[in-house]
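Inspection log for the structure reproduced underneath, given as structure tokens.
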Amino acid sequence: MKKLLLNLLLVLGVVGFSACSVSDNPVDPTPTPGGPSLLEKYYFSIVDATYVDAAMPTPTITSGIGGITMNGQAIAGGSNIVTITTQTEYEKFFVGVKNVNGYWEVAPVAEGNGAANSAVKTDNGYLIPILYSVLFDTNVTILVSAKTKSGEYTKITEFPISFVETKSGDLEINLSFNNEKDIDLHLYTPSGKHIYFGDRGGSVNTSEGIVEFGLDKDSNAGCNIDGLNNENIFIPEILVEDGEYIVQVDMWSNCDRSIATSWAVLARYNKELLNNVVEGYGNPAIGEYPVGAGNGDHTTVMKFTINRSNRAKPAGQFVNWNSFKPYPIDDIASMKVEEESWR
2 MKKLLLNLLL VLGVVGFSAC SVSDNPVDPT PTPGGPSLLE KYYFSIVDAT YVDAAMPTPT
62 ITSGIGGITM NGQAIAGGSN IVTITTQTEY EKFFVGVKNV NGYWEVAPVA EGNGAANSAV
122 KTDNGYLIPI LYSVLFDTNV TILVSAKTKS GEYTKITEFP ISFVETKSGD LEINLSFNNE
182 KDIDLHLYTP SGKHIYFGDR GGSVNTSEGI VEFGLDKDSN AGCNIDGLNN ENIFIPEILV
242 EDGEYIVQVD MWSNCDRSIA TSWAVLARYN KELLNNVVEG YGNPAIGEYP VGAGNGDHTT
302 VMKFTINRSN RAKPAGQFVN WNSFKPYPID DIASMKVEEE SWR
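Structure representation (structure tokens):
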């Protein structure tokens, strides 16, 4: 089982970043014949992208993609979003992993044309959500390049990505964003429980032993920057309820109003993507807070239903809620809860 190492990241001072280097030559990995691609199985995929079993395209111009950023931290089964702030027109993007066979090729579509969970062209540039594999478990360097409308291929931009170990559950909801702001993940369960920074969950005795559930981390809380730019809610099977779940994203504090912030939310149950019924969003649900965005939007970005009525409850299964021990709430979270009450 994955373990929570978020505090270790704070000690090491790992932060999110924009691209740190550019490669003059394409990566030339050893091809892996047959079977599912290693890229998808162990690293990540992109919705509506085509897998190409070859080296990244050879650059034909000396410049790379301008205005490109993504979150420098990644968790298994989570998401990330390549954000490109530019007025340059690109026809296709290519995304791979250094020293790993193959890459993803994806053509962006205009925002609002039905691709609510794939690469889109926005007024400010492009958003490309990537979905990390549930088997993802290592530091990597992600490679990104593009083909311009004039047919030129850009240099390859490199993004070192640090793997973050987190607690896991059969139901997992992950929020990732591309720069250092206090953006919060909220989950409302069918029974009405609200899991967020003010009620992060905890541990409880069950017929399967002591299990934990809840929110891993309130990243960049109160603009006390940790650079993680990820939040993760996890629930084990024994605590998963039937019914509708509601997911919200909230800009609690826009720590730097001079820059826009893109985000992605991904929800999985038993390692499979859930069907999001909120109009205009997919799974992953993606979006962008513009320059100057205010606080306290509480935007509903996902609704999904879990129905296990045809599955018999195992004999002897129980949850002793009288034994519940909540995760502690620190001073910053208490301050946020108090301020939330009068916003």
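Following my numbering, the residues of the sequence shown are numbered contiguously, the last one being 344.
Ideal Cβ positions, reconstructed from N, Cα and C, are used throughout, including at glycine.
Since the structure is predicted, the reported quantities are computational estimates derived from the model, not experimental observations.
From the options, residue whose alpha carbon lies closest to that of residue i
i, options, result
"Ile234", "Pro291, Thr167, Ala286", "Thr167"
"Tyr246", "Asp227, Lys218, Leu172", "Leu172"
"Thr149", "Asn118, Phe137, Val107", "Val107"
"Gly244", "Val250, Asp138, Gly193", "Gly193"
"Phe159", "Tyr328, Ser80, Thr306, Asn72", "Rather than Phe, the amino acid found at residue 159 in this sequence is Glu. For Glu159, the nearest C-alpha among the options comes from Asn72."
"Lys156", "Asp185, Ser64, Leu186", "Ser64"
"Leu275", "Ala55, Met303, Ser151", "Met303"
"Glu209", "Pro237, Lys218, Asp217", "Pro237"
"Val110", "Lys99, Val101, Thr123, Asn102", "Thr123"
"Asp217", "Ile174, Ile333, Ile239, Asp251", "Ile174"
"Asp185", "Ile307, Asn100, Pro315, Trp264", "Trp264"
"Lys99", "Tyr290, Asp183, Ile82, Leu40", "Leu40"
"Asn271", "Gly170, Val121, Ile82, Glu112", "Gly170"
"Arg269", "Val165, Ile307, Glu289, His299", "Ile307"
"Pro68", "Asp183, Glu242, Tyr44, Thr262", "Note on identity: in this sequence residue 68 is Gly, with Pro being the wrong assignment. Nearest option by C-alpha distance: Thr262."
"Val101", "Val165, Asp138, Thr59, Tyr44", "Tyr44"
"Tyr290", "Asp183, Leu240, Leu267", "Asp183"
"Val121", "Leu267, Ala294, His299, Gly288", "Gly288"
Coarse secondary structure for residue i, derived from DSSP in three states
i, result
"Ile47", "coil"
"Met57", "coil"
"Val250", "strand"
"Ile330", "coil"
"Gly193", "coil"
"Glu339", "helix"
"Ala286", "strand"
"Gly281", "coil"
"Lys112", "A small fix is needed here, since residue 112 is Glu in this sequence, not Lys. Glu112 falls in the coil class under three-state DSSP."
Classification of residue i by the beta-carbon crowding that lies within 10 angstroms, buried from 16 upward
i, result
"Trp343", "exposed"
"Tyr322", "Here residue 322 turns out to be Trp, not Tyr, going by the sequence shown. Burial call: exposed."
"Met57", "buried"
"Lys42", "exposed"
"Phe95", "buried"
"Phe319", "exposed"
"Arg309", "exposed"
"Leu136", "exposed"
"Asp54", "exposed"
"Gly317", "exposed"
"Glu273", "exposed"
"Asn327", "The sequence shown places Pro at residue 327, not Asn. Answer is exposed; the Cβ neighbour count stays below 16."
"Met252", "buried"
"Ile129", "buried"
"Ile82", "buried"
Beta-carbon contacts of residue i that lie in its chain and below 6 Å, excluding the five residues immediately before and after
i, result
"Ser324", "Val205, Asn206"
"Gly126", "Ile85, Thr86, Thr87"
"Tyr189", "His195, Ile247"
"Glu92", "Lys148, Lys150"
"His187", "Tyr197, Gln249"
"Gln38", "According to the sequence as given, residue 38 is Ser; it is not Gln. Excluding residues within five positions, the ones whose Cβ falls inside 6 Å are Tyr52, Gly103."
"Asp49", "Ser119"
"Gly97", "Met57, Tyr104, Leu144"
"Glu90", "Lys150"
Cutoff 7 Å; reference residue i; Cβ partners in own chain excluding five residues on either side
i, result
"Ile220", "The sequence shown places Ser at residue 220, rather than the Ile named in the question. Closer than 7 Å at Cβ, skipping near neighbours: Asp227, Leu229, Asn230, Asn231, Glu232."
"Glu153", "Thr61, Ile62"
"Ser259", "Val292"
"Asp332", "none"
"Asn26", "Interpretation of Asn26 is limited by its pLDDT of 40, a score under 50 that renders its predicted location unreliable; the figure taken from the coordinates is listed afterwards. Around Asn26: no qualifying Cβ."
"Asp138", "Ala77, Phe164"
Under 8 Å between C-beta atoms of residue i and residue j
i, j, result
"Gly215", "Gly223", "no"
"Val145", "Ile66", "yes"
"Ala77", "Ile162", "no"
"Ser80", "Pro285", "yes"
"Leu176", "Ser46", "no"
"Ser254", "Asn296", "yes"
"Pro315", "Glu242", "no"
Within-8 Å CB hit, residue i to chain C
i, result
"Phe94", "This model lacks chain C altogether; it includes just one protein chain."
Own chain, CB closer than 8 Å to residue i, minus 5 neighbours either side, in chain order
i, result
"Val279", "Ala286, Thr301, Val302, Met303, Lys304"
"Val338", "Phe198, Gly199, Ile330"
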